[in-house]
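Under my numbering, the sequence shown is numbered contiguously, ending at residue 1036. Note that beta-carbon positions come from the ideal geometry of N, C-alpha and C, so glycine has one too.
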Amino acid sequence: MTDACVYITDDLLFFFIGSAFIYLFVLVVASHLKRVDYSPSKRQYRYAILVPPQSVLPSTHPQHQFIVYDNLVKTIDELDEMIYDVAIILDATVHSLPDNLLSEIDKVYDAGIQAVQLHTVAQNRKGIHRYLSALQAEINNSLFCKGNSRLGLSSTLTGTNMAIDLQWIQENLKSNKTNLERKLLIQHIYIEYLPNVTISSELPSTYLYKRRKRKAVSDLLPSLLEGNWSFFNRIVQQLMPSPLFFCIFTGIWMLFMTGYEWPLSLKWWILLFLLLVTYSLAIPDYLIEDKNKKSLLWKITHSNRKSSNIRP
């Protein structure tokens, strides 16, 4: 009886985790596909760049006009549509903006795109915790932003460092708890991702629209029956565990099966290896170069210390 339960559990877990691996592998391969560039914009649009009071951007980027807000909902509601076309919402930790920020959003907005997720890069990656946070954020960017958009599906919208059509956000942002991503997807509005528009931030961006699993599951079937593939895709992604949890859980079950009946564990060793390869392909080069530079610096420093200890 015990053996039967273990075998059934093993088969079910392998089916679900194996299916998740195939799904993630498709996304990571898609993220490496060449992006089709938008045509140059025929006009320059007008932007309301919104920042919280703690932001350093007004002092470091005098070439832009910023609107400092205490209450985001109230500030957006008071913006004049005759003056602004698009609202760019930035968080407090952003300290640098790229030169191509407005020109790239111009291209996208001119093509009829109403919502854009910008690429946030954490500059403070010192320490294992901050490095892992930046690593997970970039893996999510590669899979759920870049991978989605390359497949023609909506990108993740994190809730910050984004650009949205002003008229739309005024009509839909009712409170600080409003899930803009869900509203956009329900209305079949495509969310674009611009990986080449890099927003430098002190910390990696966090996903603000975390939903209860029960609520996400309740939207799963309706979105599928409606054929709203972007919404269905995002619900599936929200139900998936983090890369770290995925790999740890797979590793634990793999070790259990190795001790229980090792021939059955071979498929788990292979699956764990493939999962690690998939997540590795989602890591951008600059994070790997960070580690290589630190390793090289440690070797040079260690070598110099040894040399200084050698007496003539």
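Under 8 Å Cβ to Cβ from LEU948, same chain only, skipping five residues before and after it: list those, please. Here the question's residue 948 lines up with position 224 in the sequence shown. PHE956.
Below 8 Å, how does it come out for the region 793–808 and the region 841–849: are there three or more Cβ pairs, yes or no? no
So what's HIS853 in DSSP terms, helix, strand or just coil? By 1-based counting over the sequence shown, the position of residue 853 is 129. DSSP places HIS853 in helix when its eight states are reduced to three.
Proximity of TYR914 and CYS869 at Cβ, strictly below 7 Å: Here residue 914 refers to the residue found at position 190 when the sequence shown is read from its first residue. Here residue 869 refers to the residue found at position 145 when the sequence shown is read from its first residue. Not a contact, by the Cβ cut-off of 7 Å.
Those residues which DSSP pairs with ALA772 across a bridge: Numbered from its first residue, the sequence shown carries residue 772 at position 48. For ALA772, which the question treats as bridged, DSSP gives the partners ALA811.
What does DSSP give as the partner residues of SER924 in its beta bridges? Translated into positions along the sequence shown, residue 924 becomes position 200. Answer by DSSP bridge pairing, in chain order: SER820 and VAL845.
Could you check what DSSP says for ILE1007 in three-state terms: helix, strand or coil? The count along the sequence shown starts at 1 and reaches residue 1007 at position 283. Reduced to three states, the DSSP call for ILE1007 is coil.
Between the CA atoms of LEU736 and LEU988 - distance to the nearest angstrom: Here residue 988 is taken as the residue at index 264 of the sequence shown, counted from 1. Here residue 736 is taken as the residue at index 12 of the sequence shown, counted from 1. Computed Cα separation, rounded: 13 Å.
Leaving out five residues on either side along the sequence, give the residues of the same chain with a beta carbon under 8 Å from the beta carbon of GLN768. Residue mapping note: residue 768 aligns to position 44 of the sequence shown, counting from 1. The residues are LEU826 and ASP830.
Check whether the region 874–888 and the region 777–793 touch, using three or more Cβ-Cβ pairs below 8 Å as the test. no
Residues near ARG1029 by beta carbon distance below 7 Å, same chain, minus five either side: Locating residue 1029 in the sequence shown gives position 305, counting from the first residue. Bear in mind that a pLDDT of 46 at ARG1029, under 50, signals an unreliable position, so the number given afterwards is only what the model happens to contain. Hits under 7 Å: none found.
Give me the DSSP bridge partner(s) of GLU889. As a first step, residue 889 is located in the sequence shown; it is residue number 165 there, counting from the start. Residue 889 is actually Asp in this sequence, not Glu. VAL810.
DSSP-derived helix/strand/coil call for ALA861: Sequence index remark: in the sequence shown, residue 861 carries index 137 (1-based). In the structure shown, ALA861 sits in a helix (DSSP, three-state: H, G or I).
Could you give the first and the last residue of the continuous alpha helix (DSSP H) run that contains PHE745? Along the sequence shown, read from residue 1 onward, the residue named residue 745 stands at position 21. Per DSSP, PHE745 belongs to the alpha helix (DSSP H) from 726–755.
Closest by C-alpha distance to ARG958, when choosing among LEU774, THR880, ILE923 and LEU751: By 1-based counting over the sequence shown, the position of residue 958 is 234. For the residues LEU774, THR880, ILE923 and LEU751, the minimum Cα distance to ARG958 belongs to THR880.
Taking all protein chains shown into account, do 16 or more other C-beta atoms lie within 10 angstroms of the C-beta of MET981, making it buried, or fewer, making it exposed? To locate residue 981, count along the sequence shown from 1; it is residue 257. Buried: at least 16 other Cβ atoms inside 10 Å.
Quick one: what does DSSP say VAL760 is sitting in, helix, strand or coil? As a first step, residue 760 must be located in the sequence shown, where it is residue number 36. Three-state result, VAL760: coil.
Opening and closing residue of the beta strand (DSSP E) in which VAL960 lies: Against the sequence shown, residue 960 aligns to sequence position 236. Taken as a continuous stretch (DSSP letters only), VAL960 belongs to no beta strand (DSSP E), being part of the alpha helix (DSSP H) at 953–963.
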